[in-house]
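Enquirer: Residue numbers (our numbering): 1 to 104.
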Ligand SMILES: [Zn+2]
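1) Starting from the C-beta of residue 9, find all residues in its chain whose C-beta is less than 8 Å away, skip the five residues before and the five after it, and write them out in chain order.
2) Please determine whether the Cβ atom of residue 76 lies at a distance below 7 Å from any heavy atom of ligand 1.
3) Alpha carbon to alpha carbon, how far is residue 83 from residue 48?
4) Roughly how many angstroms separate the alpha carbons of residue 68 and residue 51, rounded to a whole number?
5) Could you check if residue 23 belongs to the surroundings of ligand 1, using beta carbon to heavy atom distance under 7 Å?
6) For a test of the three-state rule: what should DSSP assign to residue 57, helix, strand or coil?
7) Tell me whether residue 107 counts as near ligand 1, meaning its Cβ is closer than 7 Å to at least one heavy atom of that ligand.
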């Protein structure tokens, strides 16, 4: 497990890519930045607002070795399947949008 972890909520000063859905975080957009140190290396993980909202609504359990974009992709695929959403041609970003727009 990571030793030191910081979670920041900066405003993007240059475009970044969301590490979960790979959409572009535009300049001026707020995002979540997780920084941790591991064996002397510093890692950064960026989460866009949409993925953040999705994970608040549908939390993804950490299976012990952290959550990566593959776990995230499986998670949103499962959520789409459970809801009968047709995700055949959707990428992660589109699935996140579809799930967030979904009416209860
Ligand atoms: Zn995202």
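Every residue, glycine too, gets a C-beta built ideally from N, C-alpha and C.
Quantities reported herein were computed from a predicted structural model and do not represent experimental measurements.
Expert: Inspection of the coordinates gives the following:
1) Here residue 9 refers to the residue found at position 9 when the chain shown is read from its first residue. Contacts found: 30, 31, 32, 33.
2) The residue you call residue 76 lines up with position 76 of the chain shown. For ligand 1, not one heavy atom lies less than 7 Å from the Cβ of residue 76.
3) Residue numbering aside, residue 83 sits at position 83 when the chain shown is read from its first letter. Residue numbering aside, residue 48 sits at position 48 when the chain shown is read from its first letter. The straight-line gap from Cα to Cα measures roughly 23 Å.
4) Indexing the chain shown from 1 puts residue 68 at position 68. Indexing the chain shown from 1 puts residue 51 at position 51. C-alpha separation (whole angstroms): 13 Å.
5) As a first step, residue 23 is located in the chain shown; it is residue number 23 there, counting from the start. Yes.
6) Mapped onto the chain shown, residue 57 falls at position 57. In the structure shown, residue 57 sits in a helix (DSSP, three-state: H, G or I).
7) Within the shown structure, residues of the chain are numbered from 1 to 104, placing residue 107 beyond reach of any answer.
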